[in-house]
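Trainee:
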Amino acid sequence: MNKLAPISMRTYLGSLLLFFCSIWGLCAQNSADCRSAIPVCADAPTFAAADGMGDIEDFDPALINQTGCLEKGSVSSDNIENNTSWYVFRAGTDGQIGFDIEALPASGNTVTAEWDFALYGPDVSCAEISDGSAQPIRCNYETNNTRFTGVGVNPENGQAGEPPLTQNQNTYDEWLQVRAGEVYYLLINNFNTNFNGDPEPYSLTFTGSSVDADQNNALDCTIRDEFLGLDITACEGDPDIVLSVSNSPAGPDIANITWSYDDNDDGNPVVVANGPTETEYTVSSPDSGRYFVVVENTAGQSYMDDILITFNGPPVFDRVEVLSELSDNNTVQVFVQGNGRYEYAVNGGELQDSPIFQDVPPGLNTVLINDKDGCGSVGPEQFLVVGYPKYFTPNGDGIHDFWNILGIETLEDPVVYIFDRYGKLLKQLDDITLGWDGTFNGRRLPSTDYWFRLEYTADLNGTPTPQVLQSHFSLRR
Numbered sequence: 059m060n061k062l063a064p065i066s067m068r069t070y071l072g073s074l075l076l077f078f079c080s081i082w083g084l085c086a087q088n089s090a091d092c093r094s095a096i097p098v099c100a101d102a103p104t105f106a107a108a109d110g111m112g113d114i115e116d117f118d119p120a121l122i123n124q125t126g127c128l129e130k131g132s133v134s135s136d137n138i139e140n141n142t143s144w145y146v147f148r149a150g151t152d153g154q155i156g157f158d159i160e161a162l163p164a165s166g167n168t169v170t171a172e173w174d175f176a177l178y179g180p181d182v183s184c185a186e187i188s189d190g191s192a193q194p195i196r197c198n199y200e201t202n203n204t205r206f207t208g209v210g211v212n213p214e215n216g217q218a219g220e221p222p223l224t225q226n227q228n229t230y231d232e233w234l235q236v237r238a239g240e241v242y243y244l245l246i247n248n249f250n251t252n253f254n255g256d257p258e259p260y261s262l263t264f265t266g267s268s269v270d271a272d273q274n275n276a277l278d279c280t281i282r283d284e285f286l287g288l289d290i291t292a293c294e295g296d297p298d299i300v301l302s303v304s305n306s307p308a309g310p311d312i313a314n315i316t317w318s319y320d321d322n323d324d325g326n327p328v329v330v331a332n333g334p335t336e337t338e339y340t341v342s343s344p345d346s347g348r349y350f351v352v353v354e355n356t357a358g359q360s361y362m363d364d365i366l367i368t369f370n371g372p373p374v375f376d377r378v379e380v381l382s383e384l385s386d387n388n389t390v391q392v393f394v395q396g397n398g399r400y401e402y403a404v405n406g407g408e409l410q411d412s413p414i415f416q417d418v419p420p421g422l423n424t425v426l427i428n429d430k431d432g433c434g435s436v437g438p439e440q441f442l443v444v445g446y447p448k449y450f451t452p453n454g455d456g457i458h459d460f461w462n463i464l465g466i467e468t469l470e471d472p473v474v475y476i477f478d479r480y481g482k483l484l485k486q487l488d489d490i491t492l493g494w495d496g497t498f499n500g501r502r503l504p505s506t507d508y509w510f511r512l513e514y515t516a517d518l519n520g521t522p523t524p525q526v527l528q529s530h531f532s533l534r535r
């Protein structure tokens with residue numbers, strides 16, 4: 059809610075630095091898109107201001123309203139995404155990390171914003187954040203009674219963080235234990251005030267025992283060299299991605315900017331934009347590739363960064379191949395047309411990363427293919443596994459009374475020959491035969507093993523090719 063706050067030394071310094079930001083551009087620019095989150099570390103506070111809605115719909119409202127964190131909360135007029143900023147940081151050491159988000163005066167001595175946050179990680183993608191499959195590990199999205207919010211301990215009143223719970227109105231969540239190399243995304247959002255689009259200032263300061271022990275290395279400050287942001291995986295048809303050099307170390311006095319594009323990421327980029335005013339470059343779907351930028355300032359210093367952007371289309375089901383010989387429990391592999399990260403489920407089971415499934419029964423099965431970056435799914439698609447029962451029991455009870463190849467009707471020109479142990483031909487089957495009933499010339503044959511040979515024609519790369527499979531099964535009486 060709108061609040062009046064006394065001016066502390068920290069607030070005064072924040073206002074002074076915000077003045078420097080506007081005059082000399084010393085502070086991080088706002089990013090309202092998770093995909094272009096601003097890289098930050100712990101060696102100094104970050105002063106910024108956010109205005110307007112997010113560049114894209116960062117969340118699926120149908121899912122987010124059920125997460126227990128990012129729903130509108132107890133105030134029906136509040137917004138999930140208003141005056142939004144995204145940051146990304148990478149742990150430099152193992153240990154305890156927290157942060158303070160302080161609302162600063164927007165004009166005069168008045169604090170007009172109430173900031174809240176959602177923290178995601180470790181090592182999740184913006185696509186997983188957007189579709190709700192990645193849930194916040196820390197968040198505060200309710201009405202606060204202090205201008206501070208964050209993780210750890212509130213510096214204003216000493217309140218220690220608590221486990222995040224829906225609508226508990228905590229101002230702080232409990233400390234985060236990180237491991238070196240882990241990447242986290244932080245959403246900072248003006249929860250319920252200022253709908254006129256005016257910028258709202260705040261500061262972000264990292265805290266915790268790791269920061270106290272080594273402020274320069276607690277978070278990996280080399281992430282700021284990746285000022286274009288981390289590599290992006292998006293979906294075909296997504297909104298444009300705007301790359302910006304506004305957070306490069308070059309500073310505001312730019313002499314020249316050169317953008318290059320390598321569509322195959324094979325080390326052969328071509329220049330696509332050049333000039334001192336080319337501070338942004340827009341990437342549209344489906345232009346996947348690696349993008350490079352070189353920023354030169356008037357002091358003669360050059361700074362370079364690159365980012366790989368991949369636009370994925372929805373998966374397209376290709377085929378399923380049986381990797382094992384004919385059996386009653388088969389190993390199959392699912393093939394997909396597309397270049398995304400996929401996960402698979404057979405016969406309504408759990409999704410898995412591997413396209414190989416074991417113990418797939420013969421006959422009709424289904425497969426579901428899902429793009430892990432939120433670019434769609436296909437299925438359930440049906441596929442038929444040609445198999446055979448290991449045994450049959452021709453005793454007239456209507457269960458397993460006939461033996462035949464399962465899925466034989468899907469084969470081209472199939473013929474099955476059944477032999478006894480001495481190689482005597484007992485029965486010949488085709489795709490319209492019910493099956494073998496365990497007799498020869500009207501005489502019931504004994505319980506033992508029998509052999510078969512399956513001959514059929516397969517289309518291999520457009521060429522009809524004879525195929526032969528042989529194995530055995532048991533007759534039980």
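End of the sequence shown sits at 535 in this note's numbering; the numbers just go up one at a time, nothing left out. Even for Gly, the Cβ is constructed at its ideal location relative to N, Cα and C. Remember, predicted model here, so these are calculated numbers, not experimental data.
What residue range is occupied by the uninterrupted alpha helix (DSSP H) comprising V98?
Mentor: Note, V98: premise wrong, no alpha helix (DSSP H); not H, not E.
Trainee: Could you give the DSSP three-state label for I155: helix, strand or coil?
Mentor: Looking at I155 - three-state DSSP - the assignment turns out to be strand.
Trainee: Please classify G496: is it buried, with 16 or more other beta-carbons within 10 angstroms of its beta-carbon, or exposed?
Mentor: The residue is buried, with at least 16 neighbouring Cβ atoms inside 10 Å.
Trainee: For D289, which three-state DSSP category applies?
Mentor: Three-state result, D289: coil.
Trainee: Does the beta-carbon distance from V545 to S342 come in below 8 Å?
Mentor: Only positions 59 to 535 of the chain appear in this structure, which leaves residue 545 out of reach.
Trainee: Quick check on K485: buried or exposed, where buried means 16 or more other Cβ atoms within 10 Å of its Cβ?
Mentor: So K485 ends up on the buried side.
Trainee: The ligand FMN and P524: does the residue's C-beta get closer than 7 Å to at least one heavy atom of that ligand?
Mentor: The ligand FMN is absent from the structure shown, which contains no ligands of any kind.
Trainee: Ignoring anything shorter than 3 residues, give me the beta strand (DSSP E) runs that lie fully in the stretch 357-431, in order along the chain.
Mentor: If we require 3 residues or more, the beta strand (DSSP E) runs fully inside the stretch 357-431 come out as 360-370, 374-380, 388-395, 400-404, 414-418 and 421-429.
Trainee: Nearest CA to the CA of N387: which residue from Q416, Q359, S412 and V374?
Mentor: Ranking the options by Cα distance to N387, first place goes to Q416.
Trainee: Measure from the alpha carbon of D296 to the alpha carbon of each residue in E467, G432 and D311, then state which is nearest.
Mentor: Closest by alpha carbon: G432.
Trainee: Between P194 and L177, what straight-line distance do the alpha-carbon atoms span, to the nearest angstrom?
Mentor: Straight-line Cα distance between these residues: approximately 5 Å.
Trainee: Going by the CB atoms, is the gap between L366 and D429 shorter than 8 Å?
Mentor: It is not a contact, given that the beta carbons lie outside the stated cut-off.
Trainee: At what residues does the beta strand (DSSP E) containing S143 begin and finish?
Mentor: Counting along the chain, the beta strand (DSSP E) containing S143 begins and ends at T142 to R148.
Trainee: Please report the residue range of the alpha helix (DSSP H) in which D507 lies.
Mentor: D507 -> not in any alpha helix (DSSP H); beta strand (DSSP E) instead, spanning T506 to L518.
Trainee: Tell me which same chain residues have a C-beta within less than 7 Å of the C-beta of C279, skipping the five on either side of it?
Mentor: Once the five neighbours on either side are set aside, the close Cβ partners of C279 are C99 and D101.
Trainee: Look at D363 and E294 and say whether their C-beta atoms are less than 8 Å apart.
Mentor: Their beta carbons are not under 8 Å apart, which means D363 does not touch E294 by this criterion.
Trainee: So, for F498: in the same chain, excluding its five sequence neighbours on each side, which residues have a beta-carbon less than 8 Å away from its beta-carbon?
Mentor: Cβ neighbours of F498 beyond the five flanking positions: L484 and K485.
Trainee: Got a sec, what are the start and stop residues for the beta strand (DSSP E) I246 sits in?
Mentor: Looking at the DSSP string, the run of the beta strand (DSSP E) that includes I246 is V241 to N248.
Trainee: To the nearest angstrom, report how far apart G153 and S268 are at their CA atoms.
Mentor: The alpha-carbon atoms of G153 and S268 are separated by roughly 6 Å.
Trainee: Express the C-alpha separation of D158 and L245 in angstroms, rounding to a whole number.
Mentor: Rounded to whole angstroms, L245 to D158 spans 13 Å at the Cα level.
Trainee: To the nearest whole angstrom, what separates the beta carbons of I315 and T337, a pair I think is in contact under 8 Å?
Mentor: Right, the Cβ-Cβ distance comes to about 6 Å (below 8 Å), so this counts as a contact.
Trainee: What does the alpha-carbon distance come out to for the pair A149 and G179?
Mentor: Going from the Cα of A149 to the Cα of G179 covers about 11 Å.
Trainee: Sorted by chain position, which residues of the same chain lie with C-beta nearer than 7 Å to A516's C-beta, five sequence neighbours on each side aside?
Mentor: For A516, where only same-chain residues beyond five positions count, the Cβ hits under 7 Å are T523 and Q525.
Trainee: Determine, using beta carbons only, whether I96 and N305 come nearer to each other than 8 Å.
Mentor: Yes, they are a contact pair.
Trainee: Going by the CB atoms, is the gap between G347 and D311 shorter than 8 Å?
Mentor: Not in contact: D311 and G347 (Cβ atoms no closer than 8 Å).
Trainee: Does the Cβ of A106 have 16 or more other Cβ atoms within 10 Å, making it buried, or fewer, making it exposed?
Mentor: Buried, since its Cβ has 16 or more Cβ neighbours within 10 Å.
Trainee: If you draw a straight line from the alpha carbon of R196 to that of E401, how long is it in whole angstroms?
Mentor: Using only the alpha carbons, I get a separation of about 27 Å.
Trainee: What are the residues that DSSP puts in a beta bridge with I476?
Mentor: K485 and F510, per the DSSP bridge assignment.
Trainee: So what does H458 bridge to, in DSSP terms?
Mentor: In DSSP, H458 forms no bridge with anything.
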